[in-house]
Amino acid sequence: MVLTNVKQFASELNLTPERLLEQLGAAGVSKRSPDDALSAQDKSQLLDYLKRSHGARDEESRIALTRKSTSEIKTADGSTVKVETRKKRFVVRPEEASAAQPAAAESSPAEPVKAPEPAPAPAVEAKPEPKPEIKPEPKPEPAPQAAEAKPEPKPAEAPRQEAAKPAAPKPAAPAQRPTVASILSPEEIAAREAEEKRQAAFRARQEALMREKIEREERRQAARQAALQPPPAPEPVRAAEPPARREEPRRDDRRPAGAGDNRGPR
Numbered sequence: 261m262v263l264t265n266v267k268q269f270a271s272e273l274n275l276t277p278e279r280l281l282e283q284l285g286a287a288g289v290s291k292r293s294p295d296d297a298l299s300a301q302d303k304s305q306l307l308d309y310l311k312r313s314h315g316a317r318d319e320e321s322r323i324a325l326t327r328k329s330t331s332e333i334k335t336a337d338g339s340t341v342k343v344e345t346r347k348k349r350f351v352v353r354p355e356e357a358s359a360a361q362p363a364a365a366e367s368s369p370a371e372p373v374k375a376p377e378p379a380p381a382p383a384v385e386a387k388p389e390p391k392p393e394i395k396p397e398p399k400p401e402p403a404p405q406a407a408e409a410k411p412e413p414k415p416a417e418a419p420r421q422e423a424a425k426p427a428a429p430k431p432a433a434p435a436q437r438p439t440v441a442s443i444l445s446p447e448e449i450a451a452r453e454a455e456e457k458r459q460a461a462f463r464a465r466q467e468a469l470m471r472e473k474i475e476r477e478e479r480r481q482a483a484r485q486a487a488l489q490p491p492p493a494p495e496p497v498r499a500a501e502p503p504a505r506r507e508e509p510r511r512d513d514r515r516p517a518g519a520g521d522n523r524g525p526r
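Using the working numbering, read the sequence shown as starting at 261 and increasing by one per residue.
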């Protein structure tokens with residue numbers, strides 16, 4: 261463990277050795293010379309003292325007060341919205357504030373209190389009395405003279421039609437839209453045409469492959485349906501028709517023509 265002395269620790273803290281010795285004495289660490297060694301316990305004791313005297317005291321003396329208020333605001337559609345507002349402020353404890361005031365009074369010398377000078381009374385200005393207004397007497401109006409006959413105004417000439425007609429506005433020239441040929445160079449146009457042809461050939465090839473795939477699938481489905489269907493029933497065998505009977509000749513017909521009458525001519 262490396263020990264440091266008061267002088268080295270003061271240089272680390274950017275303090276003079278005398279100021280550091282004063283703080284160490286206030287913290288309860290008895291060091292008299294800048295060459296005295298400081299242990300870790302001495303440093304922690306000094307740190308606790310500084311926290312109590314500066315940071316911790318300020319935090320403990322402040323009290324946070326939070327005020328919450330709720331209000332309602334009506335929107336354009338008639339609905340009501342609740343709005344909550346919170347206000348937070350810090351107040352110093354009255355005990356410490358009262359203790360701090362006498363300490364400040366002791367530190368600063370009392371100034372002699374000057375008696376307030378009496379303020380001069382405002383001078384009252386005398387308002388002038390209003391003078392009576394003298395109204396002028398009305399003058400007699402002169403007798404009205406006969407109005408002189410004024411010549412009748414001549415009717416103004418009709419404005420010319422040419423002046424009345426506003427000048428017809430000239431039709432604005434249509435704005436020429438930039439064409440593809442005016443923007444692209446011949447090499448770019450040729451490259452674009454080649455790309456379009458390649459895309460068209462690719463689309464035709466894709467369509468042919470898709471059509472062939474659909475036809476192949478339709479044939480496969482037809483073969484599957486044909487395999488699932490039961491075989492057709494065999495046609496019934498017709499019975500053989502009996503041979504037609506031959507018509508037997510009549511008995512009269514079976515006799516020979518000459519043997520019918522054994523009697524010959526007598």
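Just so you know, even glycine gets a beta-carbon here, dropped at the ideal spot from N, CA and C.
Predicted, not measured: the structure shown is a model, and the values here were computed from it.
query: Using the beta-carbon count (16 or more within 10 Å), is K328 buried or exposed?
result: With fewer than 16 other Cβ atoms inside 10 Å of its own Cβ, K328 counts as exposed.
Bridge partners - K348, DSSP secondary structure assignment: Bridge partners of K348: T326.
query: So, are the CB atoms of P294 and N274 less than 8 Å apart?
result: Not in contact: P294 and N274 (Cβ atoms no closer than 8 Å).
Paired residues, beta bridge with I298 - DSSP: Rather than Ile, the amino acid found at residue 298 in this sequence is Leu. L298 pairs with T264.
query: Taking DSSP as the reference, what is the three-state secondary structure of K291?
result: In the structure shown, K291 sits in coil (DSSP, three-state: anything other than H, G, I, E or B).
- prompt: What did DSSP end up calling E495 once you bin it into helix, strand or coil?
  reply: Coil.
query: First and last residue of the alpha helix (DSSP H) that includes K473?
result: For K473, the uninterrupted alpha helix (DSSP H) run begins and ends at P446 to L488, by DSSP.
task: May I have the straight-line CA-CA distance separating I333 from S339, to the nearest angstrom?
output: Distance between the alpha carbons of I333 and S339: 8 Å.
Spatial neighbours of G288 in its chain, beta-carbon cut-off 8 Å, leaving aside the 5 residues before and after: Answer for G288: Q305 and Y309, listed in chain order.
message: Please classify A270 as buried or exposed, where buried requires at least 16 neighbouring CB atoms within 10 angstroms.
response: Buried, by the Cβ-count rule.
- request: State yes or no: is the C-beta of K348 within less than 8 Å of the C-beta of T326?
  value: Yes.
field: Of the residues T330, T335 and D337, the one placed nearest T345, counting alpha carbons only
entry: With distances taken between Cα atoms, T345 lies closest to T330.
field: Spatial neighbours of P419 in its chain, beta-carbon cut-off 6 Å, leaving aside the 5 residues before and after
entry: Model confidence at P419 stands at a pLDDT of 46, short of 50, so the residue's coordinates are unreliable; what they give is reported in the following sentence. Its chain contains no residue whose beta carbon lies nearer than 6 Å to that of P419 once the 5 sequence neighbours on both sides are disregarded.
message: So for L273, helix, strand or coil by DSSP?
response: Of the three classes helix, strand and coil, the one that applies to L273 here is coil, per DSSP.
message: Quick check on the burial criterion: 16 or more other C-beta atoms within 10 angstroms. Buried or exposed for L281?
response: Classification of L281: buried, given that the 10 Å Cβ count is 16 or more.
- prompt: So who's on the other strand from S304, going by DSSP bridges?
  reply: In DSSP, S304 forms no bridge with anything.
- request: Using beta-carbon positions only, say whether V341 and T335 come within less than 8 Å of one another.
  value: Yes, they are a contact pair.
message: Quick check on S331: does DSSP put it in helix, strand or coil?
response: Reduced to three states, the DSSP call for S331 is strand.
DSSP state of L310 mapped onto helix, strand, coil: L310: helix per DSSP, three-state reduction.
- request: State buried or exposed for K457, treating a residue as buried only when at least 16 other CB atoms are found within 10 Å of its CB.
  value: With fewer than 16 Cβ atoms within 10 Å of its Cβ, K457 is classed as exposed.
task: Count the other CB atoms, across all protein chains shown, that sit within 10 Å of the CB of P446; report buried if there are 16 or more and exposed otherwise.
output: Counting the other CB atoms within 10 Å of its CB gives P446 a total below 16, which places it among the exposed residues.
message: Quick check on K473: buried or exposed, where buried means 16 or more other Cβ atoms within 10 Å of its Cβ?
response: An exposed status is given to K473, since fewer than 16 other beta-carbon atoms sit within 10 Å of its beta-carbon.
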